[in-house]
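At position 68 of the sequence shown the residue is numbered 68 (the working numbering), and the sequence of numbers has no breaks. Scroll down for the structure; my scribbles are underneath it.
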Amino acid sequence: MELILQQLPIVIRSLNMGFLQTLKLFFVTLLGAFPLGLIIAFGSMSRFRPLSGLTKCVVWVVRGTPLMIQMLIIYYFPGLVLKNPIWGGGESGRFLAASVSFILNYACYFSEIYRGGIQSVPVGQEEAGLVLGMTKRQIFFRVTLLQMIKRIVPPMSNEIITLVKDTSLARIIALQEIIWAGQAFMKGSQGISGAIWPLFFTMVYYLIFNGLLTILLGRLEAKLNYFR
């Protein structure tokens with residue numbers, strides 16, 4: 001116990017740095033996946049069959065294969081196969097590749113949630129808007145979008161919570177997120193080796209962050225109750 005207390009400041013400092021990387025990946029993924037998912041949803045609902053077919057095929061492939069494999073392909077394929085290491089080297093290159101992988105993956109999942117939310121709004125409301133002289137753009141932003149948001153908050157909340165935990169997969173390309181930081185103390189990081197207890201501390205970070213997100217998303221859902 002005394003040894004753990006001596007090592008604790010070093011471990012906390014390392015885990016804090018790893019958690020900052022986790023937070024960066026989390027927020028960058030949301031910033032990219034939210035709008036891209038909506039674009040993909042429009043593509044899959046397009047009446048232009050080649051576009052909708054291609055979009056649905058991409059969504060099927062991305063949702064049907066592991067995120068870890070997608071990340072490995074995106075990170076290593078340009079350098080090993082195309083002989084063009086577009087991501088560069090170092091932590092910044094790994095972070096960029098991980099961000100692209102996560103954004104593409106979660107955008108495809110979000111697109112299906114968006115599509116379900118849009119299609120769940122009664123068609124009669126669009127027809128009523130057209131009768132009132134509204135354009136399709138006005139109908140979408142003033143009628144459909146607001147009701148869609150209410151419907152997609154619960155499934156979106158689940159995906160967002162899952163994203164927090166999925167960020168740990170980025171260690172497969174050596175991105176130094178929080179799990180990487182905790183696992184490093186088993187291998188001899190900063191003079192500490194064979195220590196598994198830092199990994200248990202990483203769970204505390206995830207639990208606290210997921211708890212805060214659950215509260216925030218729950219309040220958001222409660223505020224949208226006026227659509228009922």
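Glycine residues also receive a C-beta, built at the ideal position from the N, C-alpha and C atoms.
The Cβ-Cβ distance between A107 and A170 does not fall below 8 Å. Spanning the alpha carbons of G182 and L8 requires a straight line of approximately 12 Å. With contacts defined as CB atoms closer than 8 Å, F26 and T167 qualify as a contacting pair.
Within its own chain, the residues whose Cβ lies closer than 6 Å to the Cβ of W87, once the five positions on either side in sequence are excluded, are G93, L96, A97, listed in chain order. For M148, the uninterrupted alpha helix (DSSP H) segment begins and ends at 145-166. Beyond the five residues adjoining it in sequence on each side, W180 comes within less than 7 Å, by CB distance, of G18, R171 in the same chain, given in chain order. Nearest in C-alpha terms to Y109, of all of E127, L20, T65, is T65. DSSP places K136 inside the alpha helix (DSSP H), whose first and last residues are 136-139.
Residue pairing of K56 in beta bridges, as defined by DSSP: absent, with no partner found. For W87, there is no enclosing alpha helix (DSSP H), as DSSP gives it neither H nor E. When the beta-carbon positions are compared, L224 and I149 come within less than 8 Å of each other. Per the coordinates, the alpha-carbon of E127 lies some 40 Å from the alpha-carbon of L67.
Distance from the CA of M134 to the CA of L38, rounded to the nearest whole angstrom, comes to 22 Å. By the CB criterion at 8 Å, V61 and N105 fall outside the cutoff. Per DSSP, the unbroken alpha helix (DSSP H) holding F77 starts and ends at 67-80. Runs of the alpha helix (DSSP H) lying entirely within the stretch 176-224 and spanning at least 4 residues, in chain order: 178-187, 197-223. The Cβ atoms of T55 and I40 sit closer than 8 Å to each other.
Annotated three-state conformation of F102 is helix, per DSSP. Rounded to the nearest angstrom, the gap between the Cα atoms of I152 and Q119 is 11 Å. The shortest C-alpha to C-alpha distance from F102 to any of S14, L31, I10, F209 is the one to L31. Considering only L20, S157, V81, I139, the residue with the shortest C-alpha distance to R219 is S157.
Closest in C-alpha terms to G117, from the list I12, L132, V143, comes V143. Apart from the 5 residues on each side of it in sequence, E159 sits with its Cβ closer than 8 Å to the Cβ of Y106, Y109, F110, I113 in its chain, given in chain order. Here DSSP, grouped into helix, strand and coil, assigns F27 to helix.
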